[in-house]
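Colleague:
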Amino acid sequence: MFAVGVAAVGRREVLGFEVGDTESQPFWTTFLRSVKARGLTGVKLVISDAHVGLIAAIDTVFQGSSWQRCRVHFMRNVLANVQKTAGPMVASIIRTIFA
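At the far end of the sequence shown sits residue 99, using UniProt numbering, and the numbering has no gaps.
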């Protein structure tokens, strides 16, 4: 698992990397606390997939920050639930929302 931050000036930076065999809340809480302990401050928004354990850990470690679902994972989930023939049309419509 890894965390990438985006500074106010738009520069991306790898904040942390950890190998784990689960995406549980305890794992994510420990990981996020380690990133925070190394000096990460001012977290306003966290964008991730919708793992319940990760969302709970974000709420615990970065209190007051907002959470947003990753649009790639959102799109994959939507397209997995529409008929294959409708996929391109649905994807096109959703892409206009994020444009």
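Think of the CB as a built atom: it goes at the ideal place given N, C-alpha and C, for glycine as much as any other residue.
Between the Cα of GLY39 and those of PHE27, GLU23, GLY5 and THR60, spot the shortest distance and give me the residue it belongs to.
Modeller: GLY5
Colleague: Using three-state DSSP, classify GLN68 as helix, strand or coil.
Modeller: strand
Colleague: For SER48, which residues does DSSP report across the bridge?
Modeller: ARG69
Colleague: Based on Cα-Cα distance, which residue from ALA57, PHE98 and GLY20 lies nearest to MET75?
Modeller: PHE98
Colleague: With DSSP as the reference, label VAL19 as helix, strand or coil.
Modeller: coil
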